[in-house]
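Peer 1:
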Amino acid sequence: MSRSRTAILAALALVAGASGTALAVVPGSSGIAAIPCTVDYKVQNQWDSGFTTAVTITNNSAAKTSWSLKWSYAGNQRVTNGWNAKVTQSGTAVTAANESYNGALATGGSVSFGFQGSYSGSNALPTAFTLDGVACNVDNGSGTPTDPGTPTDPGTPTDPGTPTDPGTPSGKVDNPFVGAKGYVNPEWSAHAAAEPGGSKVANQSTAVWLDRIAAINGVNGGMGLRAHLDEALKQKGSGQLVIQLVIYDLPGRDCAALASNGELGPTEIDKYKSQYIDPIASILADSKYAGLRIATVIEPDSLPNLVTNAGGTAGSTDACATMKANGNYEKGVSYALDKLGAISNVYNYIDAGHHAWLGWDSNFDPTVQEFYKVATTNGASVNDVTGFIVNTANYGATTEPYVKITDSVNGQTVRQSKWIDWNWYVDEQSFAQALRTKLVAAGFNSGLGMLVDTSRNGWGGSARPTAAGPTTSVDAYVNGGRIDRRIHAGNWCNQSGAGLGERPKSAPAAGIDAYVWVKPPGESDGASSAIPNDEGKGFDRMCDPTYGGNARNGNNPTGALPNSPLAGKWFSAQFQQLLQNAYPPVS
Ligand code: BGC
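Per mature numbering (1 follows the signal peptide of the UniProt record, and there is no 0): the sequence shown = residues -24 to -1, 1 to 563.
1. Which of the three DSSP states, helix, strand or coil, is assigned to E511?
2. Quick one: what does DSSP say F153 is sitting in, helix, strand or coil?
3. Report buried or exposed for K264, applying the criterion of at least 16 other Cβ atoms within 10 angstroms of its Cβ.
4. For a test of your reading of the model: does the CB of A166 fall under 7 angstroms from any non-hydrogen atom of ligand 1? Yes or no.
5. Got a sec? Which residues, its chain only, sit under 6 angstroms from G317 by beta carbon, not counting five neighbours each side?
6. Relative to the C-alpha of G291, which residue among R528, N113 and G544 is closest?
7. Which term fits residue 645, buried or exposed, when burial requires 16 or more other beta carbons within 10 angstroms of its beta carbon?
8. May I have all residues whose beta carbon comes closer than 5 angstroms to any heavy atom of ligand 1, sorted in chain order?
9. According to the Cβ coordinates, are I463 and P538 closer than 8 angstroms?
10. If you drop the 5 nearest sequence neighbours on each side, which residues of the same chain put their C-beta closer than 7 angstroms to that of G215?
11. Identify, in the order they occur along the chain, each residue of the same chain with its Cβ nearer than 6 angstroms to the Cβ of R412, setting aside the five sequence neighbours on each side.
12. What is the DSSP secondary structure of A443, counted as helix, strand or coil?
13. Can you round the beta-carbon distance between S25 and S96 to whole angstroms, since I take them to be within the 8 angstroms contact cut?
14. So, is the C-beta of V70 closer than 8 angstroms to a C-beta in chain D?
15. On a CA-only basis, which of A82, G67, G79 and S37 is nearest W47? Give me that one, please.
16. Using DSSP with H/G/I as helix, E/B as strand and the rest coil, what is N557?
17. Going by DSSP, what residue range makes up the beta strand (DSSP E) through Y371?
18. Going residue by residue through the region 426 to 482, where are the continuous alpha helix (DSSP H) segments of at least 4 residues, counting only ones entirely within it?
19. Leaving out five residues before and five after Y224 in sequence, what residues of the same chain have Cβ atoms less than 7 angstroms from its Cβ?
20. Is it true that the region 96 to 105 meets the region 429 to 444, where meeting means three or more beta-carbon pairs spaced less than 8 angstroms apart?
21. Taking the straight line between their C-alpha atoms, what separation do you get for residue 589 and W333?
22. Taking only the alpha-carbon atoms, compute the straight-line gap between S175 and I219 and give it to the nearest angstrom.
23. Secondary structure at V55, three-state DSSP: helix, strand or coil?
24. Whole angstroms is fine: what's the gap from Q556's alpha carbon to Q550's?
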């Protein structure tokens, strides 16, 4: 995830120190214009076992719609990962082919990409390149010494790296959760420990939600951001620790629901930037905290809402259409990625909804495009994105042990069951892994890592199936075997029957950076009846157990627990249910 970003920052930081080696100019005797292409291959940064490069191709022949650059190494260099090109190696031969978004190369146009490699001995520069089979001149004339620039990360003055972000290859790790303990929020821990049996889980790591501007300094005498980071330093000791922060205060927040509407109106993007993101960024950049690994969860539900609920579908709302039209979700998320991603120990994870929201092709592909757009505009770069998180504050099972999407019953695919309803996924992990593949194909870094919020998706207890359902029909099979016992997979508020899920764990499966507890178990998703408050929170009837539902849950009952407090407030009965139905069980 971060390796590529680190490499680019390394490049940007170190060229300034002029430590890069560049190929000498080898002008063709007949002049540059007569040569079909020129290649500028610069080693930007080199350490004992590795190096990063910036390569710029200039096309002096006919315009191209795709390109492939080849060269060979004389030594034992190995390309480990690339950005802005698909860089592969076979023996000493390397091929860099365009990504889907940078295949167009006009006559006289340039394209840049980079990669990281390993080597031992000397890192001799390659001396010959071919572009689509034609030999190129070797030149160092393009780019500027201080900013080689790439199409997706032009290295603008808005993201030059920071003094606390020296961009050394060791600055950011690939998966911040590996080898690190998780921060235990003392405030959540105290709530949990005060419940009967709660001390058994009170030492788990949960995320800190910065759900309003006042949370930065602490609400009503509670811990503010610095207090959490100071406590994190204490918990860290001499080892590694990761603290998770939820960035959650966009203008017009929670546009498809009411329970977590926020303090900022739809147009208050400037306030979001200057009074929310900037102060958070300046605290996180304090060198005192440089030894912490800080994982951010960026704005749950916001971009998925733009994709599915902002017009043209039954579930659309005027509030989401407004946020799509004014662009303030996109601007806010790009800004957060840019500002926070520039800090060397911050790892950004963008919220990616869940399988039962985005798992249809008509939602999945536009979501990938939306993420790519936001991560490459308004100052953000794909290098500001460590990964994505699925199931934030939701209830989808991590894996369904007794229902696979490839199953069929009497010749009928389970996809046509009422529960699955033609979705391509039946659980969060398969969704996350497929999404990851698509995101990388769309231009995100190949090291991208996914998180799954497993805080409340355990579905244990006596209602948990222990075997596949009967094969009398697809519906009987799916309903009998699914561990997710919700009435409808679109239900999201204080779900009856839910249990704590997998405890936080790093690198649990391919492509998954961690299982995390982002929604602190025991904190309400929303009030079951209207409660006046000064946080902007509304009353969403999806939290009312007597409500018959809306278009987004197929007009089914909500399955919400009764007597719930405002979103974020402690809900003792829910905590006790989660403990009771934990899976794996709590012992
Ligand atoms: C609420 C936030 C709260 C968070 C964590 C959200 O639903 O809107 O205020 O901090 O949940 O419990």
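Each residue gets a CB set at the ideal place from its N, CA and C atoms; glycine is no exception. If you're wondering where the values come from, they're calculated on a predicted model, not measured in any experiment.
Peer 2: If we stick to the structure as given:
1. By 1-based counting over the sequence shown, the position of residue 511 is 535. In this structure, E511 counts as coil in the three-state DSSP scheme.
2. The residue you call residue 153 lines up with position 177 of the sequence shown. In the structure shown, F153 sits in coil (DSSP, three-state: anything other than H, G, I, E or B).
3. Position 288 of the sequence shown holds residue 264. When all chains shown are included, K264 counts as exposed.
4. Locating residue 166 in the sequence shown gives position 190, counting from the first residue. Checking the Cβ of A166 against ligand 1 gives no.
5. By 1-based counting over the sequence shown, the position of residue 317 is 341. Contacts found: N324 and D360.
6. Within the sequence shown, residue 291 is the residue found at index 315, counting from 1. Comparing Cα positions, the closest option is R528.
7. Nothing about residue 645 can be reported from this structure: the residues present for the chain run from -24 to 563 only.
8. W185, D187, S236, E499, A543 and G544
9. Counting from one through the sequence shown, the residue named residue 463 turns up at place 487. Counting from one through the sequence shown, the residue named residue 538 turns up at place 562. The answer is no: Cβ separation not under 8 angstroms.
10. The residue given as residue 215 occupies position 239 in the sequence shown. Excluding residues within five positions, the ones whose Cβ falls inside 7 angstroms are K157.
11. Position 436 of the sequence shown, counted from the start, is the residue given in the question as residue 412. Excluding residues within five positions, the ones whose Cβ falls inside 6 angstroms are L424, M426 and G487.
12. The residue given as residue 443 occupies position 467 in the sequence shown. DSSP places A443 in coil when its eight states are reduced to three.
13. Locating residue 25 in the sequence shown gives position 49, counting from the first residue. Locating residue 96 in the sequence shown gives position 120, counting from the first residue. Right, the Cβ-Cβ distance comes to about 6 angstroms (below 8 angstroms), so this counts as a contact.
14. The structure shown contains no chain D; it is built from a single protein chain.
15. Position 71 of the sequence shown, counted from the first residue, corresponds to residue 47. The candidate whose alpha carbon is nearest that of W47 is G67.
16. The residue labelled residue 557 in the question sits at position 581 within the sequence shown. Coil at N557, not helix or strand.
17. Counting from one through the sequence shown, the residue named residue 371 turns up at place 395. Neither: Y371 is in no beta strand (DSSP E) and is coded neither H nor E.
18. 450 to 457
19. On the sequence shown, position 248 is the one that residue 224 refers to. Excluding sequence neighbours, Y224 sits near W185, L186, D187, E275 and P276.
20. no
21. The chain is shown only over -24 to 563; residue 589 falls outside these bounds and no answer can be derived.
22. Position 199 of the sequence shown, counting from 1, holds the residue named residue 175. Position 243 of the sequence shown, counting from 1, holds the residue named residue 219. Each residue's alpha carbon lies about 21 angstroms from the other.
23. For the purposes of this step, residue 55 is taken as residue 79 along the sequence shown, with counting starting at 1. Residue state, collapsed to three classes: strand.
24. Residue mapping note: residue 556 aligns to position 580 of the sequence shown, counting from 1. Residue mapping note: residue 550 aligns to position 574 of the sequence shown, counting from 1. Their backbone Cα atoms lie some 10 angstroms apart in a straight line.
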